[in-house]
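Engineer: Its first residue numbered 1376, the sequence shown is counted upward by one per residue in the numbering used here.
Sharing a structure, written as structure tokens. Questions coming.
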Amino acid sequence: MADKSITKTELVASIASATGQSQATVSGVLDSLFATVSEAVAKGSKVSIPGWIAFEQVATAARTGRNPQTGAEIKIPAGKRVKVTAGSKLKAAVK
């Protein structure tokens, strides 16, 4: 597990430095990217950046769970979740 997370501010600064763009421009592009991905996945589309990452909506079935504090059974309703899959380039970068 990594001992430090990169914040959005640090990510924007790093990209701006690497590309020569202003931080405001890079921040706007990132915001637009995440908004577009969110809208597409919410509509049921799969968003894929080949080799890097893929986002898709998956349905989960209703199931029975347990309250960890009391041990009582609870009903967990069916719902929708987001599945994020790492691509081959991202997996190779981590090795």
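All C-beta atoms in this analysis are idealised placements derived from N, C-alpha and C, irrespective of residue type, glycine included.
1) Across the region 1451-1465 and the region 1432-1443, are there enough close Cβ pairs to call them in contact, namely three or more that are closer than 8 Å?
2) On the DSSP letters alone, give me the boundaries of the alpha helix (DSSP H) that residue 1463 sits inside.
3) Touch check for the region 1384-1391 and the region 1400-1411: three-plus C-beta pairs under 8 Å?
4) DSSP three-state label for residue 1380, please.
5) Could you check the C-alpha separation between residue 1469 and residue 1421 for me, to the nearest Å?
6) What three-state label does DSSP hand residue 1403 in the structure shown?
7) Bridge partners of residue 1447, per DSSP?
Structural biologist: With the given structure in hand:
1) Judged by Cβ distances under 8 Å, the region 1451-1465 makes contact with the region 1432-1443, as three or more pairs qualify.
2) Element bounds for residue 1463: 1463-1469.
3) The region 1384-1391 is in contact with the region 1400-1411.
4) Reduced to three states, the DSSP call for residue 1380 is coil.
5) In this model, residue 1469 and residue 1421 are separated by some 24 Å (Cα to Cα).
6) Shown here, residue 1403 sits in a helix according to DSSP, grouped into three states.
7) Beta-bridge partners assigned by DSSP to residue 1447: none are found.
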